[in-house]
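One structure is given below, encoded as structure tokens.
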Amino acid sequence: MDYYSILGVSHDASSEDIKRAYRRLAMEYHPDRNPSPEAEEKFKQISEAYQVLSDPDKRRVYDRGGHSMFDFDFFHSPFDIFESVMRGRNRSPRYQGPIPMRGQNVQVRVDVPLYSAIVGSKFKVAFEDTVVCEVCNGNPAITTSTCQICGGRGVFMEERRDGPVFMRVQRGCHGCNGTGLTPTSLCINCKGQGFHLIKIEHEVVLDKMSDPIRQVVLPGQGRSGKHGGPNGDLIVDFIVKMPKLEDLTKKQLEILREIG
Ligand SMILES: [Zn+2]
Ligand SMILES: [Zn+2]
Numbered sequence: 026m027d028y029y030s031i032l033g034v035s036h037d038a039s040s041e042d043i044k045r046a047y048r049r050l051a052m053e054y055h056p057d058r059n060p061s062p063e064a065e066e067k068f069k070q071i072s073e074a075y076q077v078l079s080d081p082d083k084r085r086v087y088d089r090g091g092h093s094m095f096d097f098d099f100f101h102s103p104f105d106i107f108e109s110v111m112r113g114r115n116r117s118p119r120y121q122g123p124i125p126m127r128g129q130n131v132q133v134r135v136d137v138p139l140y141s142a143i144v145g146s147k148f149k150v151a152f153e154d155t156v157v158c159e160v161c162n163g164n165p166a167i168t169t170s171t172c173q174i175c176g177g178r179g180v181f182m183e184e185r186r187d188g189p190v191f192m193r194v195q196r197g198c199h200g201c202n203g204t205g206l207t208p209t210s211l212c213i214n215c216k217g218q219g220f221h222l223i224k225i226e227h228e229v230v231l232d233k234m235s236d237p238i239r240q241v242v243l244p245g246q247g248r249s250g251k252h253g254g255p256n257g258d259l260i261v262d263f264i265v266k267m268p269k270l271e272d273l274t275k276k277q278l279e280i281l282r283e284i285g
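The sequence shown runs 26 to 285 under the working numbering.
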């Protein structure tokens with residue numbers, strides 16, 4: 026794994042180039058924005074590469090020794106990095122809170138009986154969605170106290186020796202997830218999750234189908250956006266289920282021949 030090629034920058038890239046490349050790729054591969062199964066792994070790699078190449082000391086060590094100089098254990102969460110880099114870009118006195126994220130698209134497949142395809146029909150489609158808890162508004166720690174493990178700093182600094190090289194690395198506290206606070210009581214309504222899992226049902230109208238497959242896109246009907254971002258889309262693939270010829274009655278065969 027070569028950090029430079031992960032970010033698509035040359036070995037003499039400036040720190041601005043590296044930041045720009047990170048932003049572009051992180052926006053593209055953030056799992057909340059990109060539903061493809063490889064996105065999360067790719068997002069982690071981008072984050073790891075950025076954490077090393079954006080720090081002049083780490084970059085120097087990396088340039089000398091390559092990837093083996095680093096232990097993934099002491100990297101920050103890719104999501105924290107994303108937040109902090111993106112927030113830096115929007116730095117304005119009014120800016121507060123996490124950046125809005127678009128909800129994920131949901132793709133469902135509906136098998137359409139032949140008869141329904143000929144005359145049109147309505148179908149119910151369902152999927153699960155997370156909604157922010159209405160009691161705690163997504164902040165389930167009602168009361169907090171200073172984390173006993175890190176003393177409220179949220180991070181540990183560690184000295185690591187790798188051959189002749191000493192490195193000071195920052196490790197996020199596992200006791201408090203880097204926040205410096207531990208909850209002493211949690212929202213009962215969402216059992217401390219900050220959100221609920223709910224089942225969303227939509228009725229989708231299908232007109233007569235003239236092709237065996239039809240895709241209907243319902244904008245904004247997919248999973249809900251986070252932090253005020255827009256919802257994803259609901260994509261329904263209608264696929265006509267052809268009956269086996271031997272199961273058909275004479276009458277049905279006649280109808281098939283007529284429309285065929
Ligand atoms: Zn709650
Ligand atoms: Zn802590």
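All residues carry an ideal CB built from backbone N, CA and C; glycine is no exception.
Being a predicted model, the structure only gives us computed values, none of them experimental.
Close-in-space but distant-in-sequence residues of the same chain around residue i (CB under 8 angstroms, 5 per side omitted)
i: Asp258; result: Asn130, Val131, Val242, Leu243, Pro244, Gly245, Gln246, Gly247
i: Arg45; result: none
i: Gly219; result: Val157, Cys158, Cys161, Gly163, Asn164, Pro165, Cys212
i: His227; result: Lys149, Val150, Ala151, Leu243, Gln246, Leu259
i: Ser117; result: Per-residue confidence for Ser117 stands at a pLDDT of 39, beneath the threshold of 50, marking its modelled position as unreliable; the derived number appears in the next sentence. Nothing meets the Cβ criterion.
i: Phe97; result: Note that Phe97 has pLDDT 46, beneath the 50 cutoff, so the model's placement of it is unreliable and the number below is only indicative. Excluding sequence neighbours, Phe97 sits near Glu73.
i: Ile43; result: Leu32, Val34, Tyr75, Leu78, Ser79
i: Ile223; result: Glu153, Asp154, Thr155, Val156
i: Glu41; result: none
Which listed residue (the options) has its alpha carbon closest to that of residue i
i: Lys291; options: Arg193, Phe68, Glu283, Ser141; result: Residue 291 lies beyond the range of the chain shown here (26 to 285); nothing can be said about it.
i: Asp4; options: Leu78, Leu139, Val180; result: Summary: the structure shown does not reach residue 4, with the chain confined to residues 26 through 285, and so no result is reported for it.
i: Gly203; options: Arg193, Gln218, Ile223, Gly177; result: Gly177
i: Arg84; options: Ser170, Met52, Val190; result: Val190
i: Tyr47; options: Met26, Ile280, Ile106; result: Ile106
i: Met111; options: Ala74, Lys269, Asp88, Leu50; result: Leu50
i: Gln240; options: Pro255, Arg89, Glu73, Asp136; result: Asp136
i: Leu231; options: Ser146, Arg89, Ser35; result: Ser146
i: His82; options: Val194, Leu270, Gly217, Lys216; result: This sequence places Asp at residue 82; His is not what is there. When only C-alpha atoms are compared, the closest one is Val194.
i: Thr209; options: Gly254, Ser170, Met52, Lys269; result: Ser170
i: Tyr29; options: Met52, Pro62, Asp88; result: Asp88
Inter-residue spacing [alpha-carbon to alpha-carbon] between residue i and residue j
i: Ile264; j: Leu32; result: 40 angstroms
i: Met234; j: Pro60; result: 28 angstroms
i: Ile167; j: Gly200; result: 17 angstroms
i: Pro237; j: Gly128; result: 30 angstroms
i: Pro103; j: Thr274; result: 60 angstroms
i: Ser109; j: Gln76; result: 12 angstroms
i: Val144; j: Leu278; result: 16 angstroms
i: Met26; j: Leu206; result: 35 angstroms
i: Ser39; j: Val86; result: 16 angstroms
i: Asp57; j: Asn256; result: 11 angstroms
i: Met52; j: Glu283; result: 52 angstroms
i: Arg185; j: His221; result: 41 angstroms
i: Lys269; j: Gly254; result: 46 angstroms
i: Asn115; j: Asp187; result: Low per-residue confidence applies at Asn115: pLDDT is 44, beneath 50, and the placement is therefore not dependable enough to give any value.
i: Gly90; j: Pro62; result: 31 angstroms
i: Met286; j: Asp37; result: This structure leaves residue 286 out entirely; the chain is present only between 26 and 285.
i: Val229; j: Ile280; result: 26 angstroms
Cβ neighbours of residue i in the same chain (closer than 7 angstroms, five flanking residues each side left out)
i: Arg196; result: Phe99, Val180, Phe181, Glu183
i: Cys198; result: Cys172, Ile174, Cys175, Gly179, Val180, Phe181
i: Tyr54; result: Ala64, Lys67, Phe68, Ile71
i: Gly250; result: Pro125, Met126, Arg127, Gly128, Asn256
i: Arg119; result: Bear in mind that a pLDDT of 41 at Arg119, under 50, signals an unreliable position, so the model cannot answer this.
For residue i, the residue or residues it bridges with in DSSP
i: Met192; result: Arg185
i: Arg134; result: Asp262
i: Glu226; result: Ala151
i: Pro208; result: Thr169
i: Val160; result: Val160 pairs with nothing; no bridge assigned.
Residue-level contact to chain C via CB, residue i, 8 angstroms cutoff
i: Gly90; result: Of the protein chains in this structure there is only one, and it is not chain C.
Contacting residues, own chain, Cβ-Cβ under 6 angstroms from residue i (five flanking each side not counted)
i: Lys276; result: none
i: Asp262; result: Arg134, Gln240
i: Gly217; result: Pro165, Leu211
i: Asn214; result: Cys158, Val160
i: Ile225; result: Phe152, Asp154
Closer than 7 angstroms: residue i CB and nearest ligand 3 heavy atom
i: Asp82; result: Although ligand 3 was asked about, the structure shown includes only ligand 1 and ligand 2 as ligands.
Residues passing the C-beta test against ligand 2 heavy atoms, cut-off 5 angstroms: Those residues, listed in chain order, are Cys172, Ile174, Cys175, Cys198, Gly200, Cys201.
Residues whose Cβ lies closer than 5 angstroms to any heavy atom of ligand 1, in chain order: Residues flagged by the Cβ proximity filter: Cys158, Val160, Cys161, Pro165, Cys212, Asn214, Cys215.
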